[in-house]
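Here is the structure we will look at, set down as C-alpha cells.
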Ligand code: G3P
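In the working numbering, the protein residues as written are 93 to 307.
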C-alpha cells in the first residue's frame with residue numbers, strides 16, 4: 093500500500109512545516125516498512141527531498157530547457173532530489189495534450205508518474221498514456237473527510253475495471269481519506285495506494301495520522 097501525502101498549499105505545507113511533515117513521513121516509512129511519499133509545493137521540494145523522504149512534485153510542465161517563464165521543468169525538479177510527480181490533479185487540471193507532454197518530460201527526467209483523474213472514464217484515458225499509476229479522486233469529496241472508499245466505492249471498482257481493459261497500470265484513489273479503515277476499504281476495492289491531504293496536514297499529529305493510515 094502506497095501512501096502519497098499531498099501537502100497542496102496548506103499552511104502545514106510551507107517552509108519548515110513541510111519539512112516537519114516530511115521528517116514524520118520518513119520516520120513512519122522507516123518504522124513500518126510502508127511506502128510513504130510527500131508532495132510539497134514547488135518551493136519546498138528540495139528541502140523536503142533532503143529529509144530523505146520519497147518526494148513527489150505536485151506538477152511538472154511538458155517543456156524543454158529554454159524560454160518558458162513560470163514553468164516547472166521536470167529535469168530541474170529531478171535535480172532537486174525529487175523522484176516522482178503528480179499530474180492532472182483536479183486542482184491543477186491539464187488538457188490531454190498537456191498531460192501527454194508532461195508525462196514525456198517526466199519520463200525523460202526519470203520521474204515516476206501518477207496521473208490523477210475525476211472518474212473511471214478519465215482514468216482509463218489516463219492509463220492509455222502509459223503513466224506509472226493513475227489516481228481516481230472524485231472532486232466533490234476532496235477535503236470533506238468523507239472517504240471515497242466508503243461514500244463512492246463503485247468509482248474505485250469501476251476505475252480498476254476500466255483501467256485493466258486498457259493497460260496494466262496500478263490504480264490509486266483519494267478524496268476524504270483520513271483513517272486506516274478508509275485505506276483498508278480502498279484496498280479491498282482494488283486500490284494499490286491512496287492520496288491523502290487534509291487528513292494528514294490538518295491532523296493534530298501528522299505522524300499519528302500517517303501511522304494510522306499505513307497500519
Ligand atoms: O491529492 C489528494 C487530495 O486531493 C485528497 O485531498 O484533503 O480529501 O485528502 P483530501
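Idealized CB from N, CA, C, for every residue including glycine.
Nearest neighbour of residue i, chosen from the options [CA to CA]
i, options, result
"residue 129", "285, 307, 294 and 295", "285"
"residue 289", "278, 99 and 138", "99"
"residue 101", "131, 94, 264 and 123", "131"
"residue 194", "301, 222 and 173", "222"
"residue 283", "301, 120 and 251", "251"
"residue 245", "184, 274, 121 and 159", "274"
"residue 235", "294, 133, 134 and 157", "294"
CB contact flag (residue i, residue j, <8 Å)
i, j, result
"residue 164", "residue 151", "yes"
"residue 267", "residue 230", "yes"
"residue 233", "residue 240", "yes"
"residue 97", "residue 110", "no"
"residue 306", "residue 112", "no"
"residue 242", "residue 198", "no"
"residue 203", "residue 168", "no"
"residue 115", "residue 147", "no"
"residue 93", "residue 254", "no"
"residue 155", "residue 176", "no"
Residue i CB to nearest heavy atom of ligand 1 below 7 Å
i, result
"residue 191", "no"
"residue 303", "no"
"residue 248", "no"
"residue 280", "no"
"residue 288", "yes"
"residue 98", "yes"
"residue 146", "no"
"residue 272", "no"
"residue 151", "no"
"residue 213", "no"
"residue 176", "no"
"residue 266", "yes"
"residue 285", "no"
Assigned exposure category for residue i - 16 Cβ within 10 Å defines buried
i, result
"residue 200", "exposed"
"residue 92", "Only positions 93 to 307 of the chain appear in this structure, which leaves residue 92 out of reach."
"residue 257", "exposed"
"residue 218", "buried"
"residue 122", "exposed"
8 Å Cβ cutoff, residue i in contact with chain C
i, result
"residue 307", "Judged by its chain identifiers, the structure shown contains no chain C, having just a single protein chain."
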